[in-house]
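Numbering (my numbering), first residue to last: 27 to 401.
For each residue, glycine too, the CB sits at the ideal point set by N, CA and C.
A quick note: this is a predicted structure, and the numbers were derived from the prediction, not measured.
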């Protein structure tokens, strides 16, 4: 089916109902009560608010506080959002932040802790979260870090989202780099590179492209060029091997400054002419990438100063850090070798117990190197 949904941030949304009636699969609503209307047309809704008393898009100081304080800040942020969520019930997901991107490994670690705490809080209230909401081209390859290196500290949050019904939200605006589809994997289909990296770690989250445009929003540069780009993007995503994980791309949008109202009629015709196929298309065979994996397994109670010790050793060699023994020892297709540094094994029950556990669940046992904190 068509993956073209719509972003709504204004009550001036002439034609919104036509897109829903045509079968638009997704609505991203910013402080707009459209849940009943969207659900009546079988569309999914991701709701975001800019009315938190703590700040418009993100909790202030999130990337400045110590890592250990991030969960408490996340709880305060979610408690501040809760009255707004209760006034806008029944959304499928509630997007918890907006465009706070990964600049450093330390910021990624803090965002990971933030998203984990937000999702846990949402689970306790019976709702689901939309996390990340990274801006166009992010996670980036700038500043000496790749997209994959920026995602690595966030894998626990992405895994939790995949396993508990939350969603990962990303944005794709062509901006000055357009037309959109000519940006390829840099912008238009960058979400597929992220999904490929997640799959290498046996993580399969659902993804929303929460903002999608051929520029910065609205119908750009002309109606014909805009429609051509959106249709090419949609055709690509509909047949992509990752299509079942992409819930939709929200056309940006019905907003105060930009509007897609002039494109509603041809967009509705396009969406209606591309319903869900009766016979699902078989995805192309996925090429398995072969690689070697080195992981540092840390106890859950690792202090921040000790975490930095390990990070300073591991990240220059592009090695993985995790607090999950399952993540450390899992054996995936294409994984040619595994080496696990286990820090302070006594926290995992001692060497004998730990090795028996590995042999029981993740045989054959990989190379294990036991490490202790420097005195």
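So, with DSSP's three-state summary, where would you put residue 262? helix
Which parts of the segment 328–352 are runs of the alpha helix (DSSP H), unbroken and 4 residues or longer, counting only runs that do not cross its ends? DSSP runs (the alpha helix (DSSP H)) wholly in the segment 328–352: 330–340.
So, does the segment 27–47 touch the segment 87–105, judging by three or more C-beta pairs under 8 Å? no
Assuming residue 410 contacts residue 337 under a Cβ cut-off of 8 Å, what Cβ separation, rounded to an integer in Å, is found between them? Lying before the first or after the last residue shown, residue 410 is absent from the chain, which here runs from 27 to 401.
What are the boundary residues of the alpha helix (DSSP H) that residue 42 is part of? 42–48
Among 252, 179, 238 and 264, which one has its Cα closest to the Cα of residue 224? 179
Counting pairs of Cβ atoms below 8 Å between the segment 378–393 and the segment 323–340, do you hit three or more? no
Using 8 Å as the Cβ pair cut-off and three pairs as the minimum, do the segment 53–64 and the segment 295–302 touch? With a cut-off of 8 Å on Cβ pairs, the segment 53–64 is not in contact with the segment 295–302, counting fewer than three such pairs.
Please confirm whether residue 275 and residue 238 have their CB atoms less than 9 Å apart. yes
Please state whether DSSP places residue 275 in a helix, a strand or coil. In this structure, residue 275 counts as strand in the three-state DSSP scheme.
Simplified DSSP assignment, three categories, for residue 215: coil
Start and end residues, alpha helix (DSSP H) containing residue 230: Here residue 230 belongs to no alpha helix (DSSP H), and DSSP marks it neither H nor E.
Residue 231, buried or exposed, once every other Cβ within 10 Å from all chains shown has been counted against 16: Per the 10 Å Cβ criterion, buried.
In whole angstroms, give me the CA-to-CA distance for residue 1 and residue 42. Coverage of the chain is limited to positions 27 through 401, which leaves residue 1 absent and any answer about it impossible.
Separation of residue 128 from residue 169, as counted between CA atoms: Spanning the two alpha carbons is a distance of roughly 11 Å.
Along the chain, where does the beta strand (DSSP E) that runs through residue 363 open and close? 361–369
Excluding the 5 residues flanking residue 209 on each side, which residues of the same chain have their C-beta closer than 7 Å to its C-beta? 200 and 203
For residue 401, count neighbouring Cβ atoms within 10 angstroms of its own Cβ and tell me buried if that reaches 16, exposed if not. exposed
Buried versus exposed call for residue 217 [16 or more other C-beta atoms within 10 Å across all chains shown]: buried
DSSP beta-bridge partners of residue 239: 199
Would you kindly report the start and end of the unbroken alpha helix (DSSP H) that includes residue 176? 173–177
Could you check where the alpha helix (DSSP H) with residue 190 kicks off and where it finishes? 181–190
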